[in-house]
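What follows is one structure encoded as structure tokens, with my remarks underneath.
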Amino acid sequence: MEDQYDLQRFVEAQKPVFDTVCAELRSGRKRGHWMWFIFPQVAGLGCSATSQKFAISSLEEAAAYLTHPLLGPRLRECCRLVAALDGRSIDAIFSYPDDCKFQ
13 MEDQYDLQRF VEAQKPVFDT VCAELRSGRK RGHWMWFIFP QVAGLGCSAT SQKFAISSLE
73 EAAAYLTHPL LGPRLRECCR LVAALDGRSI DAIFSYPDDC KFQ
């Protein structure tokens, strides 16, 4: 399968930390440095090399991410984990500046 948007960069970045990401989200507090490749943001919002590497540059790339057989389900699972945290604000879960990135 052709990877027109190099989505493999997300797969590789998530591989060693995804279980930890889920555990942190279940606990209600992000502690690691994984926001860029778990909840990617739109290109142009971040200035760091990491944010630029993992930025989504078009609606087509976003659609490809969501329909990817691994990345789409992982994103939905992480969103479900956040939504299940009744009574916790996004600021309490992610803190600054990651709270601003979670839209």
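Numbers in our numbering are just positions in the sequence shown, counted from 1, shifted up by 12. For glycine and all other residues, C-beta sits at the position ideal for the given N, C-alpha and C. On a predicted model such as this, the values are computed, not experimentally measured, just so you know.
For the alpha helix (DSSP H) containing Pro81, list its first residue and its last residue.
Counted from its first residue, the sequence shown places residue 81 at position 69. Looking at the DSSP string, Pro81 is not in any alpha helix (DSSP H), and its letter there is neither H nor E.
Simplified DSSP assignment, three categories, for Val33: Taking the first residue of the sequence shown as position 1, residue 33 is located at position 21. Helix.
Given a cut-off of 8 Å, decide if Lys42 and Glu36 are closer than it, judged by their beta-carbon atoms. For this step, residue 36 is matched to residue 24 along the sequence shown. For this step, residue 42 is matched to residue 30 along the sequence shown. Yes.
Practice task
Apply the 10 Å Cβ neighbour rule to His80 and answer buried if 16 or more other Cβ atoms are within range, or exposed otherwise.
Solution key: To locate residue 80, count along the sequence shown from 1; it is residue 68. By the C-beta density criterion, His80 is buried, having at least 16 other C-beta atoms within 10 angstroms.
Original post:
For Leu83, does the count of other Cβ atoms within 10 angstroms reach 16, so buried, or fall short, so exposed?
Top reply: Your numbering for residue 83 matches position 71 in the sequence shown. Buried, because 16 or more other Cβ atoms sit within 10 Å of the Cβ of Leu83.
Exercise. Mark Pro109 as exposed unless 16 or more other C-beta atoms lie within 10 angstroms of its C-beta, in which case mark it buried.
Key: On the sequence shown, position 97 is the one that residue 109 refers to. That one is exposed.
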